[in-house]
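What follows is one structure encoded as structure tokens, with my remarks underneath.
Residue numbers (our numbering): 5 to 441.
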């Protein structure tokens, strides 16, 4: 059910700006500067990559993979209940704010991580991840409320494109600060990198004020009642019963689950792959990520156009097939230029598959419902569990085989299964009506 908006274009622009605000976390913290910095400060003087974490000896990159898995497991457990509470009380915007501030403050906390306080660094990393993932649940839920169905694909692409542009701008500024610290009156060492984490947190919190100001607060005028946790549980249980009665939604979520295991794992651990398997220095790794970001902007709009021309299903299938090829090619990448070429292809399908997956799910939500946060919580939980299992299996395979190449190649299996389920999905051209379920 769409909300009647006084200034629709301004609200949609403000909504898309949250991607601009939070995507800097995804790029700076999870994909580029922090992984490289983390690997550097956790490597022993003798070159050992093993660390002590609460008395447990583990490979540093494996610990990082597991920490990502843990953070998304927390969100997968709690976000359905929180979404139910948000829908029951009309406080979707409040929950979005709380998670955004948790994430941004945790990024600020990473400024104080120097390798000697590993447990603190992992704690801040996990909290930042929880804040990011939690806020996205409620952010995504606004899409079917502020746009017409015909606008979903391109508005979703607009959000991701703004996210890529904003994050690239901040990454370039941070990179200049790290490479040329004297221009900023800084000394060489860890300070420029740690300042980038501080700036990321401030950017996230600062630009979030735009969507926080213009997004509708409690648009359906729901009243806060007592026993809110019970109401939240009842809300999410009711939505779950409806999800089970929509075969196309179940099949789509199954497909999304498996191919997201591959997509999200590549996003989070590509930099670690280049660092450990190819021995690429930090500046080359960051250049790789910049390639991905720039190309992803094009990919978001390209596959939105493909979906308009041939339908969402065909567009998604094309991208999943390309992802399968990427996983196979990753096993045989040995040179920097081969890695750059692979990054170009990754960027083209990364933006497209994220953007189109979100807008496609919006079309499957029954028309007339007001429980968008609850419906989207199942989409987001599916993605979070996919991240948990994807990053965990990636780390486990590296632990067992001693090579990230085996981990990367194994991701192709997830895409194959996702493709199989996608073949069974019949995506409707219009939103599902209540009668269709």
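All C-beta atoms in this analysis are idealised placements derived from N, C-alpha and C, irrespective of residue type, glycine included.
All figures in this text were calculated on a predicted structure; none of them were measured in a lab.
Per DSSP, the unbroken beta strand (DSSP E) holding residue 57 starts and ends at 54 to 57. Between residue 175 and residue 31 a beta carbon distance of about 6 Å is seen, short of the 8 Å cut, so the two are scored as contacting. When C-beta atoms of the stretch 377 to 394 are compared with those of the stretch 84 to 98, three or more pairs fall below 8 Å, so the two segments count as touching. Contact check for residue 350 against residue 296 passes: the beta carbons are separated by less than 8 Å.
Annotation for residue 290: 36, 179 place their beta carbon closer than 6 Å to its own, counting only its chain and skipping 5 residues before and after. A distance below 8 Å between beta-carbons, with the five flanking residues on each side excluded, links residue 357 to the following residues of its chain, in chain order: 263, 267, 307, 320, 323, 324, 327.
At the C-beta level, residue 259 and residue 429 come within 8 Å of one another. Inclusion of residue 44 and residue 157 in the CB contact set at 8 Å is not warranted, their separation being larger than that value. If you look at residue 134, you'll find it in the alpha helix (DSSP H) that goes 122 to 145. By alpha-carbon distance to residue 154, the top candidate from 338, 316, 332 is 316.
Take the alpha-carbon of residue 251 and the one of residue 242: they are about 16 Å apart. Taking the Cβ atoms as the reference, residue 212 lies roughly 6 Å from residue 22, within the contact range of under 8 Å.
Within its own chain, the residues whose Cβ lies closer than 7 Å to the Cβ of residue 166, once the five positions on either side in sequence are excluded, are 20, 21, 23, 24, listed in chain order. Residue 139 has its alpha-carbon roughly 14 Å from the corresponding atom of residue 109. Contact between residue 362 and residue 160 holds: their C-beta atoms lie close to 5 Å from each other, under 8 Å. By the neighbour-count criterion, in which 16 or more other beta carbons inside 10 Å mark a residue as buried, residue 427 falls on the exposed side. Here residue 191 is exposed. Its C-beta has fewer than 16 other C-beta atoms within 10 Å. Distance check between residue 401 and each of 189, 18, 69 places 69 closest, using alpha-carbon atoms only. Taking C-alpha positions only, residue 53 is separated from residue 406 by approximately 12 Å. Residue 417: member of the alpha helix (DSSP H) spanning 408 to 428, first to last residue.
The beta-bridge partner set that DSSP reports for residue 60 consists of 57. By the Cβ-count criterion, residue 184 is exposed, with fewer than 16 other Cβ atoms from all chains shown falling within 10 Å of its own Cβ. A Cβ-Cβ distance of about 6 Å is found for the pair residue 204 and residue 29, placing them in contact under the 8 Å criterion.
If the five residues before and after residue 64 are omitted, its C-beta is found closer than 8 Å to the C-beta atoms of 42, 43, 46, 47, 53, 54, 55, all from its own chain and listed in chain order.
According to the DSSP assignment, residue 102 belongs to the alpha helix (DSSP H) that extends over 96 to 113. In this structure, DSSP gives residue 355 a helical state, which the three-state scheme calls helix. Membership of residue 26 in the alpha helix (DSSP H) is indicated by the continuous run 12 to 28. Taking 8 Å as the cut-off, the Cβ atoms of residue 57 and residue 114 do not count as close. If you compare the alpha carbons of 62, 14, 249 with that of residue 404, the shortest gap goes to 62. In this structure residue 121 is exposed. Its beta-carbon is surrounded by fewer than 16 other beta-carbon atoms within 10 angstroms. For residue 249, the secondary structure class from DSSP, reduced to helix, strand or coil, is coil.
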